[in-house]
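So the sequence shown is residues 83 to 453, counted in the numbering used here. Take a look at the structure set out below.
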Amino acid sequence: MTSSGLNGITAGSSGISTVGHEDIGLTYRGYSIKDLAAKSTFEEVAYLLIYGELPSKALLVSYRKKLMGLRHLPEQIKKLLEMLPSSTHPMDVLRTGASLLGTIEVEGKNGRTAATVGDRLTACFGSMLAYWYRYHARNEKIDTESDEETVSGHFLSLMSGKPSDSLKQAALDKTLILYAEHEFNASTFTARVVTSTLSDSYSAVAGAIGALRGNLHGGANEAAMQLISSFDSAHDAEKSILHMLEARRLIMGFGHRVYKNGDPRSPIVKDLAKRLSDSAADTKYYDISERIETVMMREKSMHPNLDFYAATVYHMCGIPTAMFTPVFVIARTSGWIAHVIEQRANNKLIRPLSDYTGPKLRPYVHLEERV
Ligand code: COA
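Given below as structure tokens:
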């Protein structure tokens, strides 16, 4: 029996998160996403995913300090970031940066484990993005250290060159929590497949970044922004979405492989989008987004996924659109690494079968006889 896209197939067991369970909903290691988003911070969630438990107060303080100490970029990485074309997609910047870091700070050497690689990448991905961005967009070579205590604040301040705004930092922090983990999604499954061959954590993360980049997965937040920002008004959006649906085009940021009755993360991110838009007295994209949501529900009974309103949140945080999916990478690295660790703990090579649909057995044709 085959299933297109492995739809509905349980491809292994995991104790990290529950997705689409009617009784408990979305949880990370048993904690409800609603509680984590409302009461926790991204560093607590990253620690929970990578190390298995929420940190105590003292552990959280030392974990934050540890991440702050892991923001620096080796000279080779800075040179690479300068050499990359300015037209590079920032997802490719991160994929390439992770690969190069893996040759400098080799896993298995100097006590480096999957967990320490996860911490390092979580801490320095923001530095890589901002260094590359500021070098190519503004011709500046920035210092990648900052006094910001959080991963979100560090990214925002490095990108803008100013201390982070507390409202934007808190909003970004919450989206990082929502993006951190989601069971056997395409990029996480990629990380597990890579890990199952006994490969290293950097390769697992680089492969996962490649999988996340596409518009059907993480790239949807960027694609959703392109869609939303192409409209002048909610009225204009409604007209165009109806035409797009008639032409059977996909509306980015809607639908989900698992959630057919709504993504539990969507109301949380929608609320953030509203608060940021109200506070900036600029509700244009929020209003357009709400109208698209209404049309999609009316015409297709389809709900927005996390990526849809995350686009407006990131836009209101001043993050360039091409950086939306890379921000997702910063968050999801902790989830990927949790799965690398779990896969290794009970490893079995992931190697499924395929249904053969090619030609029947036929006689070999010698080179001279081929037409
Ligand atoms: N806009 C319009 N129609 C959509 C749609 C969307 N965003 N998502 C699904 N559909 C339609 C499909 O065209 C299909 O219609 P059909 O039965 O007439 O052919 C039907 O809904 C079922 O979709 P299907 O592609 O089988 O669902 P899936 O589980 O394979 O795909 C996604 C899930 C996420 C890949 C899909 O919903 C999608 O492409 N969404 C847009 C990209 C996106 O937001 N990705 C981020 C996911 S978190």
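Even glycine gets a Cβ: it sits at the ideal position worked out from N, Cα and C. Being a predicted model, the structure only gives us computed values, none of them experimental.
Within the same chain, show all residues whose beta-carbon is closer than 6 Å to that of SER239, passing over the 5 residues directly before and after it, in chain order.
For SER239, where only same-chain residues beyond five positions count, the Cβ hits under 6 Å are SER228, GLU230, PRO245, SER246.
Just tell me which of ALA427, ASP345, GLU372 has its CA closest to the CA of ASN387.
Ranking ALA427, ASP345, GLU372 by Cα distance to ASN387 puts ASP345 first.
Does the ligand COA have a heavy atom nearer than 8 Å to the CB of MET165?
Answer for MET165: no, Cβ out of range of the ligand COA.
Touching by the beta-carbon criterion (3+ pairs, under 8 Å), the stretch 117 to 134 and the stretch 396 to 416:
Segments in contact, yes.
Comparing the CB of LEU388 with every heavy atom of the ligand COA, is any distance shorter than 8 Å?
Under cutoff, so the answer is yes.
Count the CB pairs spanning the stretch 276 to 291 and the stretch 166 to 178 that are closer than 8 Å, and state whether there are at least three.
Contact between the stretch 276 to 291 and the stretch 166 to 178 is present, with at least three C-beta pairs closer than 8 Å.
According to DSSP, is TYR113 part of a helix, a strand, or is it coil?
Residue state, collapsed to three classes: strand.
Work out the CA separation of LYS382 and MET241 for me, nearest whole Å.
Straight-line Cα distance between these residues: approximately 38 Å.
With DSSP as the reference, please indicate the residues paired to PRO386 in a beta bridge.
DSSP lists PHE336 as partners of PRO386.
Apart from the five residues just before and just after ILE432, which ones in its own chain have a Cβ nearer than 7 Å to its Cβ?
For ILE432, where only same-chain residues beyond five positions count, the Cβ hits under 7 Å are ARG274, VAL275, SER278.
If you compare alpha carbons, which of PHE271, LEU211, LYS352, MET405 is closest to TYR367?
The option with the nearest alpha carbon to TYR367 is LYS352.
By DSSP's criteria, SER99 is part of a beta bridge. Which residues make up the other side?
Residue pairing by DSSP places SER99 opposite TYR110 in a beta bridge.
LEU182 and LEU162: beta carbons closer than 9 Å?
Contact check for LEU182 against LEU162 passes: the beta carbons are separated by less than 9 Å.
What do you get for ARG380, buried or exposed, if any count of 16 or more other CB atoms within 10 angstroms of its CB means buried?
Note on ARG380: under 16 other CB atoms within 10 angstroms of its CB, so exposed under the neighbour-count rule.
With a threshold of 7 Å on Cβ separation, who are the neighbours of ALA253 within its own chain once the five nearest residues in sequence on each side are excluded?
Excluding its 5 nearest sequence neighbours in each direction, ALA253 has C-beta neighbours in its own chain below 7 Å: LEU354, LEU358, VAL395, CYS399, listed in chain order.
Over the uninterrupted alpha helix (DSSP H) stretch that includes CYS206, give me the two end residues.
Under the DSSP assignment, CYS206 falls in the alpha helix (DSSP H) whose first and last residues are 196 to 220.
Is the closest heavy atom of the ligand COA to the C-beta of ARG330 under 8 Å?
Answer for ARG330: yes, Cβ within range of the ligand COA.
Which term fits GLY179, buried or exposed, when burial requires 16 or more other beta carbons within 10 angstroms of its beta carbon?
So GLY179 counts as buried.
So, with DSSP's three-state summary, where would you put SER498?
The structure shown does not extend to residue 498, since the chain is modelled only from 83 to 453, so the question has no answer here.
Report the rounded CA-to-CA distance for MET334 versus VAL188, giving the unit in angstroms.
Each residue's alpha carbon lies about 38 Å from the other.
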